[in-house]
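Scroll down for the structure; my scribbles are underneath it.
There are 2 protein chains.
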Amino acid sequence: MAPHDDLPIVSPRKSRAVDVAREAGVSTATVSRSFNEPDKVLPKVRERVMEAARKVGWLPHAAGSALARQRTLLVGTIIPTLRSGIFANFVAGLQERLGEEGITLLVSVSGNDPSKALAEARVMLSRGAEALSLVGQAYPEELFDLLSARSVPHVITHEFCGDGKHPSVGLDNREAFVTVTQHLLALGHRKFGLIMPDPKNNNRVAERIGGVLETLSDHGIAINAEHQITGEWSPQMGYDAAVGILNRMPPTAIICGNDQIAIGVLAAARARGFHVPGDLSVTGFDDDPVSEHIFPSLTSARTDNTLMGSLAAECLLDQLAGRQAKSQKLTLLFAERQSTSRPAKTDLNLDPQ
Amino acid sequence: MAPHDDLPIVSPRKSRAVDVAREAGVSTATVSRSFNEPDKVLPKVRERVMEAARKVGWLPHAAGSALARQRTLLVGTIIPTLRSGIFANFVAGLQERLGEEGITLLVSVSGNDPSKALAEARVMLSRGAEALSLVGQAYPEELFDLLSARSVPHVITHEFCGDGKHPSVGLDNREAFVTVTQHLLALGHRKFGLIMPDPKNNNRVAERIGGVLETLSDHGIAINAEHQITGEWSPQMGYDAAVGILNRMPPTAIICGNDQIAIGVLAAARARGFHVPGDLSVTGFDDDPVSEHIFPSLTSARTDNTLMGSLAAECLLDQLAGRQAKSQKLTLLFAERQSTSRPAKTDLNLDPQ
DNA sequence: TTGTAGGCGTTATCAG
DNA sequence: CTGATAACGCCTACAA
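Set out below in structure tokens:
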């Protein structure tokens with residue numbers, strides 16, 4: 000007999016329920032019950048099982064469990080990006096609430112590409128996701144076909160859909176930017192610039208832009224084409240866009256799609272010698288935690304994204320439990336700060352240079 | 000015979016490989032091969048299988064597959080929070096790289112609580128995660144026992160561990176803050192404030208603080224206890240801390256644990272009539288995208304967190320493939336901006352009020 | 001209260 | 001190249 004040939008040399012086969020059962024002198028049924036329905040097992044026996052499980056280092060294997068139970072306790076979310084506080088907070092809220100119910104969240108990123116989103120949805124369903132949370136509803140019809148064919152509960156977020164076609168949790172994007180626009184109109188502004196993220200494949204941004212333009216149009220105001228810029232957003236993009244806008248016939252107010260863009264705009268204004276808010280009012284969106292502390296502090300508006308996440312979780316949990324899904328329209332929190340004021344020269348738009 | 004009783008009323012049983020097989024007139028083995036080893040199936044047959052799969056709306060079920068294949072294609076990451084660009088970018092980089100290999104990432108959040116982290120690790124192993132990515136190494140020994148007992152590949156991130164106890168991908172946190180401190184020393188500062196996140200359960204922050212204090216100590220400088228503040232960070236926390244620090248015997252430079260804190264400090268300086276950098280130099284960390292565009296722009300330093308994510312993924316993939324894990328020390332990108340300069344009055348610290 | 005045994009959906013092996 | 005069949009690990013009737 001070779002020395003040590005009764006010792007496992009490498010990677011001893013992972014233990015299974017049957018190993019625990021043997022160790023504890025019970026059946027696998029009792030092992031399973033000890034973990035899943037503790038009350039149905041004699042305390043003394045349960046103790047023995049737990050001890051045995053610890054000893055052999057056993058953890059129940061979710062794949063086997065999922066198969067037998069026909070339940071994965073998995074929920075998926077598809078978001079455009081994680082690189083934005085909006086979605087990071089949303090996912091955090093979603094995960095926190097689902098975690099309380101023992102559900103694991105699958106996160107995937109689509110980059111606003113509808114076909115990527117469809118592919119990710121397939122992966123999630125294949126992994127057994129029992130429900131899906133989707134940002135907006137701009138997806139191939141096939142995605143929703145997939146969901147309804149399997150009757151997979153889902154919720155649309157970051158957008159409140161009044162039509163009730165899908166359960167949704169979010170704000171009214173149009174209304175939000177109507178509010179921002181009206182704030183500036185009320186201050187007396189009549190000449191506007193608009194810098195927004197790319198509305199392509201992003202209905203939420205399209206709605207926001209629509210809200211601004213329509214509100215202005217109601218007041219007989221149109222935005223000069225050169226004063227209306229969209230693109231991949233960043234502070235730098237905001238800076239560049241603003242430099243262009245301020246170059247000739249500058250407006251007295253620039254509405255920005257988010258705070259990052261707006262901070263770039265503030266920098267551009269400074270560089271070009273425009274005083275904010277004296278010469279130029281600027282609004283952001285999303286109310287980044289820093290926006291209150293920069294100079295000038297930034298007028299912005301936001302919705303509670305963590306709350307949106309937990310409400311979306313609640314909505315999915317309701318559906319999974321066979322309850323009615325509740326759609327929720329989130330309120331807008333508007334913060335007026337230093338970056339907006341009455342325009343210095345109400346009707347004239349003189350180049351301050 | 001009741002009407003329609005041949006029509007499925009609700010939730011027709013989800014289709015399985017056998018349904019596809021029947022529809023295509025082949026065996027389940029061929030269905031499986033068509034999806035997993037297409038080359039081993041006659042193109043014509045494969046076509047038929049794919050068409051049948053589409054027709055019955057079949058997606059392979061990962062749980063069954065995992066059981067049979069003994070492979071879940073799941074990897075887990077445990078991070079302190081998603082509410083920080085650092086970790087959001089890291090996770091994005093990790094996910095992007097793993098996704099290329101068909102691996103799904105499980106994300107969970109521990110809030111810097113070691114026991115929560117241990118619990119999350121258990122969940123992930125139970126779900127069949129084949130490898131784990133962990134932030135730092137401040138975890139109960141039990142966690143690492145768990146991993147080594149099952150020989151689960153893992154990587155430590157956001158910290159470079161020279162000891163080689165675990166594969167790691169990250170920056171040298173001590174060195175990073177030595178760099179920042181030396182920048183200020185070189186400018187002529189001799190009196191410092193320090194505002195950092197809570198170092199409790201966070202060895203990375205502890206290292207950073209150590210780097211600052213040690214470097215100063217090497218120059219015979221100590222930080223007044225009242226000028227040294229830690230806590231749950233936010234711009235507001237930075238503001239409050241700075242107000243306290245500037246109140247009496249203010250330093251000429253304040254080193255901040257991150258840009259969010261630093262932006263609060265800039266606001267406090269402004270409120271108290273301190274000119275930055277004339278009266279006070281301020282440094283941040285992480286180099287938030289807005290830090291370059293605010294006023295005054297913020298001297299900061301960072302590492303590429305997306306890169307760290309993809310390198311961590313690479314490290315895990317190497318181990319999963321039986322290759323040697325490569326630890327990587329990331330470089331620090333230092334950006335000197337407007338918020339730091341020589342102190343106005345080199346040796347005197349006069350209250351500017 | 002506990003044990004027995006069949007089945008969850010897929011894949012790997014081996015024979016044809 | 002394709003098919004039959006035995007796992008994979010667990011749970012849950014049902015029986016004892």
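Protein chains in written order, with numbering that gives the first Met the number 0: chain A, 0 to 352; chain B, 0 to 352. Backbone N, C-alpha and C fix where the C-beta goes; we use that ideal spot for every residue, glycine too. From a predicted model like this one, the values you see are computed outputs, not experimental measurements.
Member of the options whose CA lies at the smallest distance from the CA of residue i
i, options, result
"A:Ser309", "A:Leu142, A:Val30, A:Leu329, A:Met123", "A:Leu329"
"B:Asp239", "B:Glu140, B:Ala268, B:Glu99", "B:Ala268"
"B:Ala224", "B:Pro234, B:Met307, B:Pro249", "B:Pro249"
"B:Arg203", "B:Leu58, B:Ala175, B:Leu186", "B:Ala175"
"B:Arg301", "B:Leu184, B:Ala270, B:Ile85", "B:Ile85"
"B:His182", "B:Ala20, B:Val19, B:Phe333", "B:Phe333"
"B:Glu119", "A:Gly101, A:Val122, A:Glu119, A:Asn111", "A:Gly101"
"A:Leu146", "A:Ala130, A:Gly161, A:Cys160", "A:Ala130"
"A:Arg149", "B:Ala324, B:Ser296, B:Ser14, B:Ser326", "B:Ser14"
"B:Ala61", "A:Ala312, A:Asp278, A:Val122, A:Glu22", "A:Val122"
"A:Ala16", "A:Lys43, A:Trp57, A:Pro37", "A:Trp57"
"A:Gly277", "A:Phe284, A:Leu265, A:Asp285", "A:Leu265"
"A:Val25", "A:Arg47, A:Val134, A:Leu72", "A:Arg47"
"A:Glu95", "A:Leu331, A:Ala343, A:Ala312, A:Lys164", "A:Ala312"
"A:Ala28", "A:Pro113, A:His218, A:Gln136, A:Ala67", "A:Ala67"
For residue i, the three-state DSSP class (helix, strand or coil)
i, result
"A:His226", "helix"
"B:Ala128", "coil"
"A:Ile293", "coil"
"B:Cys160", "coil"
"B:Arg12", "coil"
"A:Ala343", "coil"
"B:Pro196", "strand"
"B:Asp18", "helix"
"A:Phe34", "helix"
"B:Val168", "strand"
"B:Leu186", "helix"
"A:Val179", "helix"
"A:Thr76", "strand"
"B:Ala334", "strand"
"B:Val134", "strand"
"B:Val275", "coil"
"A:Val154", "strand"
Host alpha helix (DSSP H) of residue i (start-end)
i, result
"A:Pro234", "234 to 246"
"B:Glu143", "Reading off the sequence, residue 143 of chain B comes out as Phe, not Glu. It spans 140 to 148 - the alpha helix (DSSP H) in which B:Phe143 sits, taken as one unbroken run."
"B:Pro42", "42 to 55"
"A:Ser326", "Unbroken run through A:Ser326: none, as it is neither H nor E."
"B:Ser107", "No alpha helix (DSSP H) holds B:Ser107; the beta strand (DSSP E) holding it covers 103 to 108."
"A:Leu96", "Per the sequence shown, the amino acid found at residue 96 of chain A is Arg instead of Leu. Note, A:Arg96: alpha helix (DSSP H), 84 to 99."
"A:Ala252", "From DSSP, A:Ala252 is part of no alpha helix (DSSP H) but of the beta strand (DSSP E) over 252 to 255."
"A:Ser309", "304 to 319"
"A:Gln259", "258 to 270"
Proximity below 8 Å, CB of residue i to CB of residue j
i, j, result
"B:Ile220", "B:Phe191", "yes"
"A:Arg126", "A:Leu142", "no"
"B:Asn88", "B:Thr305", "yes"
"A:Val281", "A:Ser338", "yes"
"A:Pro79", "A:Ser109", "yes"
"B:Thr259", "A:Pro196", "The sequence shown places Gln at residue 259 of chain B, rather than the Thr named in the question. No, the Cβ-Cβ distance between B:Gln259 and A:Pro196 is not below 8 Å."
"A:Thr156", "A:Val168", "yes"
"A:Thr298", "A:Arg336", "yes"
"A:Thr180", "A:Ile77", "no"
"A:Gly230", "A:Met236", "yes"
"B:Gly210", "B:Ser326", "no"
N- and C-terminal bounds of the beta strand (DSSP E) containing residue i
i, result
"B:Arg301", "299 to 301"
"A:Thr282", "280 to 282"
"B:Ala221", "Segment: none, B:Ala221 is in no beta strand (DSSP E) and carries neither H nor E."
Residue i beta carbon near the ligand PLP (any heavy atom closer than 7 Å)
i, result
"A:Thr103", "Among the ligands in the structure shown, none appear at all, so the ligand PLP cannot be discussed."
Task: Under 8 Å (Cβ pairs) to chain B, residues found in the stretch 108 to 138 of chain A - done: Val108, Arg121, Val122, Leu124, Ser125, Arg126, Gly127
Open item on the list: For the stretch 229 to 248 of chain B, list every residue whose C-beta sits within 7 Å of some C-beta in chain A, in sequence order.
Closed with: Ser233, Pro234, Tyr238
TODO: Select from the stretch 303 to 329 of chain A all residues with a C-beta closer than 7 Å to any C-beta belonging to chain B, and list them in chain order.
DONE: none
- [ ] Could you name the residues of the stretch 211 to 227 of chain B whose beta carbon sits closer than 7 Å to any beta carbon of chain A, in the order they occur along the chain?
- [x] none
Open item on the list: To be precise: take each residue of the stretch 263 to 295 of chain B, compare its Cβ to all Cβ atoms of chain A, and keep it if any distance is under 8 Å. Which residues remain?
Closed with: Cβ contacts with chain A: Gly263, Leu265, Ala266, Arg269, Asp287, Pro288, Val289, Glu291, His292, Ile293, Phe294.
Open item on the list: Along the stretch 142 to 155 of chain B, where does the CB come closer than 8 Å to a CB of chain A? Name the residues.
Closed with: Leu145, Ala148, Arg149, Ser150
Task: Contact residues within the stretch 38 to 68 of chain A, judged by C-beta distance below 8 Å to chain B - done: Within the stretch 38 to 68 of chain A, the residues whose Cβ lies closer than 8 Å to some Cβ of chain B are Gly56, Leu58, Pro59, His60, Ala61, Ala62, Gly63, Ala65, Leu66, listed in chain order.
- [ ] Compile a chain-ordered list of the residues in the stretch 84 to 99 of chain A whose CB is closer than 9 Å to at least one CB of chain B.
- [x] Gly84, Phe86, Ala87, Asn88, Val90, Ala91, Gln94, Glu95, Gly98
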